[in-house]
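There are 4 protein chains.
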Amino acid sequence: MMQQILDDITAQMALETDRGKVADYIPQLAHVNPNQFGISVATPDGQVYSAGDANTLFSIQSISKVFTLTIGLSKLGSTLWNHVGREPSGDPFNSITILEYESGRPRNPFINAGAIAVVDAITMGREPEEILDEIIQFVHFIADDASICFDYKVARSEIDHEDRNAALAHFMKSFGHLQYDVDKILNTYFHQCSIAMSCEQLARAGLFLVSNGINQPTGAKVISPQQSKRINSLMMMCGHYDGSGEFAYQVGLPGKSGVGGGILAIAPGKGAIAVWSPGLNSVGNSKLGTKALELLGERTGWSVFSK
Amino acid sequence: MMQQILDDITAQMALETDRGKVADYIPQLAHVNPNQFGISVATPDGQVYSAGDANTLFSIQSISKVFTLTIGLSKLGSTLWNHVGREPSGDPFNSITILEYESGRPRNPFINAGAIAVVDAITMGREPEEILDEIIQFVHFIADDASICFDYKVARSEIDHEDRNAALAHFMKSFGHLQYDVDKILNTYFHQCSIAMSCEQLARAGLFLVSNGINQPTGAKVISPQQSKRINSLMMMCGHYDGSGEFAYQVGLPGKSGVGGGILAIAPGKGAIAVWSPGLNSVGNSKLGTKALELLGERTGWSVFSK
Amino acid sequence: MMQQILDDITAQMALETDRGKVADYIPQLAHVNPNQFGISVATPDGQVYSAGDANTLFSIQSISKVFTLTIGLSKLGSTLWNHVGREPSGDPFNSITILEYESGRPRNPFINAGAIAVVDAITMGREPEEILDEIIQFVHFIADDASICFDYKVARSEIDHEDRNAALAHFMKSFGHLQYDVDKILNTYFHQCSIAMSCEQLARAGLFLVSNGINQPTGAKVISPQQSKRINSLMMMCGHYDGSGEFAYQVGLPGKSGVGGGILAIAPGKGAIAVWSPGLNSVGNSKLGTKALELLGERTGWSVFSK
Amino acid sequence: MMQQILDDITAQMALETDRGKVADYIPQLAHVNPNQFGISVATPDGQVYSAGDANTLFSIQSISKVFTLTIGLSKLGSTLWNHVGREPSGDPFNSITILEYESGRPRNPFINAGAIAVVDAITMGREPEEILDEIIQFVHFIADDASICFDYKVARSEIDHEDRNAALAHFMKSFGHLQYDVDKILNTYFHQCSIAMSCEQLARAGLFLVSNGINQPTGAKVISPQQSKRINSLMMMCGHYDGSGEFAYQVGLPGKSGVGGGILAIAPGKGAIAVWSPGLNSVGNSKLGTKALELLGERTGWSVFSK
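Chains as they are written, first to last, in my numbering: chain H, 1 to 307; chain V, 308 to 614; chain G, 615 to 921; chain A, 922 to 1228.
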């Protein structure tokens, strides 16, 4: 039945003519074919249902912030919150105004400034290579898939267009909110964002947030139940930038979007959903991805806001 | 067992020495004894569990915004969103800056400006008395209790200290975002906020949001399942002003606080919780109320973010 | 020769096709014929040179803020600055954002909030009629012309469209930055703005700022040399809202504009210039008025920034 | 008599106990002895009057922005204004909020972002060395003194603490408001700010702004009368950051301050004043320097706002 739902949604998405606008700030993202659509649902019993382009790799971009946040909470516990807040920002993902208003402390770990601060917090004196090695190993572990890797061309291209993020990083540094070298932090950050995954891989990687911190099919204990709950709350409150309220209203699940067109959504106790379509809406979240999740919610009743 | 939990929490709260700061902007609120604490849980099977001062009346203040939002969605459906947005604001409850930035359109129905816009939207040419009559009848209906009423002394006192809200209302009006007379809208708004309820009454009044729009014990169909889900999402995203992220992180339930020290929280499918303690934390939400809800979550496992 | 200059400028202005946009927020201003243009120069030797519609009455609007500031400094001395700042705001004349950022204290006496605060400061427990009587007497005194009066229809119309200014006033009041009744303060403020004057009257009224506080032709000592200098500095820094830098750059004289299309400019030691044309530029200052003052500067060399 | 005035002022300043706070964001500035005070007045007839530490070199810092603005206007004419605005910002010198609000275009050439944009505008494909060579030659020319040079230790130290300015530069670049390499632009900018001059040298360097663009003693035609007037207007409106209104009010002359404690003020037709004392007031301008200029104004009557 889940398979039928995903097939129906994929068929319906194929008919959509207004597919949003592909991110064009770096060439590697701009060249992606906007007509692609994939969806996968991984359930705690070990099943993965997929439809459309669910095995095509795409750039997960900001979805990676969920993974570095998880690493940060594992390593630092609640002292991570000395580095970054946990309130919705009300501003776009790359806004600097609120950063000035709050003296360089980023609002939450899912806006760019906050994710950069998380990278700084987990650096602990190490070089980018070491941190990136830890990040990719962690992704292998949670997705149970050692084939996942960085897309170095995408990372390179991001570095070549780093100015907005460089501004955020230097700004935080000027307030003493970053400890390490800005160029190295950004290097790590851009590589983290360049990770390429398919919907299937991403859905599996999200399973630990479905079952209180444990990837049930593999039995891997990723994080404590308490932290799992809290990561979900952050995804709900801040996962879609200034479109987070809209996503909560329409979809009703914790989720995190990336500018590559992917979204990872979590239905606690039920399943992890990864959806991907490159065209974005006006606030930078996948247009068809959001729509598909709405339809999935209607068909399955999955929403944290209903019984 | 729920009774035991509430008794334990109440006992623990009695030991707290730092109880926050009672709202003091109007004398009627300032004079409330800060040592009071009450909690009630109403469940879909018709049980109500209570402890502490659960039968003492208090001023529900902004919790009333949940009720007028429900009325607004019932009457206007999705056209209500022409009047008000549904994104967290990232700003305090009475901030005017974001209102200027967004040309007079309030961010969501739970900041003061947004609640005032909801009153304007449901006015439909009527006088304050008629609208207030509708509001109080609605509260009687959902709480199944016709004894609930306005506290006219509180309302009067609010009117006498109206300047911040008058600024918000005139500002919206100057952008054409209010249709009716500012003084009348504010009159309605201040009376709505003055409604006095006990924890028991409030917990019962929240039951319709526990069970997809239906007050199960009474069988009253209050709103559609779709709208119920969405009201919960708004409570989650915006129910605690710029402390909403913190509340989601610590408590993990949709909730709405009032400056009188009350909080209504919803555990879909499980129960409606009303808690009250007059002292507020730095962002204006009940200090012990929030703590009590955290403890309740730990003991019951109620959180929309875990399975 | 000055007469020739003014005639030339008036002739040139008659050829202008892009005359800006007449203020339309109240009907009384919207109906003014945009093709009018007048200019007068009053010199300390008692001469007044005029051209165009220099004897037509127009609504001086915000130019009146120079007069109430002068009254405020006379009555309160430097304690006036407890009520209002003296920095350019960088924001439009009716912005409320900076008012929130600075806790309700207006930046300078020439933005609306600041002028309202000046009215409050000079109220001293009196009724609007008494204050307005003082204001109009003062204008009679400095202009040496007892025929000048309020335009009650304009004032009435402003009151009927008061929302933006009411928002500013209630907002300041909520921070304790206004002492008296908001409705009365606004009543005074709108009448003050409604004063109708001709270019000739206005140029004469400005003479005291040309000669260190003394209206040389009448010998009236209006204010101290120190205060005269300071009023000029405020006109330079803040007289044209967020177009003040542009006016200083293009014209180089202290000046104050009004939304009725008038501008009063002061060339210390040389003369007071009043110019009027109803069409406004994008920041709300008279389009042809500004242009005419630039031309006058080129022809006369009057600028405080050259020798 | 001018000599007497300067001696009196210097004697009076020696008695001041509250001398402000020396800039401490780089060690080279932090180590300067706060008890120093110097003042020089250069007049168009070739006289230079001095008192106190008028021959001690200090870091002119932001005063250098007057010189690069002059170069920019010489080279680019009014097309310079495509790169930067000319309105007071109402914000501190290093604020980034208004830069976001105005899409990366700096408000004026005297805030840091604007000065960086001027450096970019005059770069024209050249390396920092070439531009810096042009800048120092220009300073030699206007001051008639070839001994003036950069302080490379100060420049180095600024580069080591570049984060705030790097944030501004990257931010502008991200909006396409800078054309050249951020690191090179900043390198030029920090060297420009490191120029070391004495009060005597600085007063002479300001003479061209006293006499409509001509350094009268040397006869050097530096810039057109029109541009000279406009540079003065910018100094008046924006020369002291968010203390510009206060400076205009208290001193009444166009001026530009630097965080090294220097101020250059211009009395058109009368003289150029350079004053220096390292302690700063709360908005970053020399505390005693401002006071000394007020006293000078009282004694000489120099103010553009009186006759």
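Glycine residues also receive a C-beta, built at the ideal position from the N, C-alpha and C atoms.
Residue i lies in the alpha helix (DSSP H); which residues open and close that run?
i, result
"Ile466 (chain V)", "459–467"
"Ser842 (chain G)", "839–852"
"Ile1043 (chain A)", "1033–1044"
"Val517 (chain V)", "514–517"
"Ile405 (chain V)", "404–408"
"Gly85 (chain H)", "Unbroken run through Gly85 (chain H): none, as it is neither H nor E."
"Val987 (chain A)", "985–997"
"Gln444 (chain V)", "435–450"
"Lys287 (chain H)", "287–300"
"Phe789 (chain G)", "Element bounds for Phe789 (chain G): n/a, residue is neither H nor E."
"Gln12 (chain H)", "2–14"
"Pro706 (chain G)", "Careful: Pro706 (chain G) lies outside any alpha helix (DSSP H) and carries neither H nor E."
"Gln949 (chain A)", "948–951"
Output the distance between the C-alpha atoms of residue i and residue j, rounded to the nearest integer angstrom.
i, j, result
"Leu516 (chain V)", "Ile266 (chain H)", "22 angstroms"
"Cys193 (chain H)", "Pro1027 (chain A)", "31 angstroms"
"Gly38 (chain H)", "Thr56 (chain H)", "8 angstroms"
"Pro268 (chain H)", "Glu553 (chain V)", "20 angstroms"
"Ala781 (chain G)", "Leu713 (chain G)", "11 angstroms"
"Met1093 (chain A)", "Asp160 (chain H)", "15 angstroms"
"Asp488 (chain V)", "Thr495 (chain V)", "11 angstroms"
"Trp916 (chain G)", "Arg1077 (chain A)", "45 angstroms"
"Lys270 (chain H)", "Gln533 (chain V)", "20 angstroms"
"Ala760 (chain G)", "Ile877 (chain G)", "21 angstroms"
"Phe305 (chain H)", "Gly176 (chain H)", "40 angstroms"
"Glu701 (chain G)", "Thr350 (chain V)", "59 angstroms"
"Gly1160 (chain A)", "Glu937 (chain A)", "25 angstroms"
"Cys149 (chain H)", "Ile195 (chain H)", "6 angstroms"
"Leu336 (chain V)", "Val373 (chain V)", "21 angstroms"
"Glu605 (chain V)", "Ile423 (chain V)", "36 angstroms"
"Lys229 (chain H)", "Gly243 (chain H)", "21 angstroms"
"Gly559 (chain V)", "Ser233 (chain H)", "7 angstroms"
"Ser980 (chain A)", "Leu821 (chain G)", "43 angstroms"
"Leu865 (chain A)", "Glu772 (chain G)", "Residue 865 (chain A) falls outside the range modelled here, since chain A spans only 922 to 1228, and no answer is possible."
"Leu690 (chain G)", "Asp360 (chain V)", "54 angstroms"
Quick test of your reading: residue i and residue j, contact by CB under 8 angstroms. State the CB separation rounded to the nearest angstrom.
i, j, result
"Ile1194 (chain A)", "Val962 (chain A)", "5 angstroms"
"Ile1106 (chain A)", "Asp1054 (chain A)", "Going by Cβ atoms, the distance from Ile1106 (chain A) to Asp1054 (chain A) rounds to 16 angstroms, so no, they are not a contact pair."
"Ser1198 (chain A)", "Gly1181 (chain A)", "Contact doesn't hold; Cβ gap of about 10 angstroms is too wide."
Could you please give me the residues that DSSP links to residue i through a beta bridge?
i, result
"Gly1176 (chain A)", "A:Ala1186"
"Cys149 (chain H)", "H:Ala196"
"Gly345 (chain V)", "V:Gly359, V:Trp583"
"Ala527 (chain V)", "V:Asn522"
"Val943 (chain A)", "A:Gly1200"
"Gly1192 (chain A)", "A:Ala1188"
"Ser59 (chain H)", "H:Ala196"
Hey, could you find the ends of the beta strand (DSSP E) residue i is sitting in?
i, result
"Tyr1312 (chain A)", "This structure cannot settle anything about residue 1312 (chain A), because the visible part of chain A is limited to 922 through 1228."
For this session: Mind checking the stretch 1081–1098 of chain A against chain H and listing, in chain order, the residues whose C-beta falls within less than 9 angstroms of any C-beta there?
Result: Going along the stretch 1081–1098 of chain A in chain order, one finds His1082, Glu1083, Asp1084, Arg1085, Asn1086, Ala1087, Ala1088, Leu1089, Ala1090, His1091, Phe1092, Met1093, Lys1094, Ser1095, Phe1096 with a Cβ nearer than 9 angstroms to chain H.
Problem set entry | Against chain A: residues of the stretch 79–97 of chain H by CB proximity under 7 angstroms | Ser95, Ile96, Thr97
Problem set entry | Contact list for the stretch 860–871 of chain G against chain A, Cβ threshold 7 angstroms | Glu860, Ala862, Tyr863, Gly866, Pro868
For this session: Name, going along the chain, the residues of the stretch 515–535 of chain V whose beta-carbon falls closer than 8 angstroms to a beta-carbon of chain H.
Result: Val517, Ser518, Asn519, Pro532, Ser535
Problem set entry | Contact set between the stretch 711–725 of chain G and chain A, restricted to residues whose Cβ is under 8 angstroms from the partner | Listed by position along the chain: Ile712, Arg721, Asn722.
Exercise. What residues in the stretch 1216–1228 of chain A have a beta carbon less than 7 angstroms from any beta carbon of chain G?
Worked result: Ser1224, Val1225, Phe1226, Ser1227, Lys1228
Problem set entry | Cβ-based contacts, 9 angstroms cut-off: residues of the stretch 43–62 of chain H near chain V | With the criterion set as a beta carbon lying under 9 angstroms from some beta carbon of chain V, the members of the stretch 43–62 of chain H are Pro44, in sequence order.
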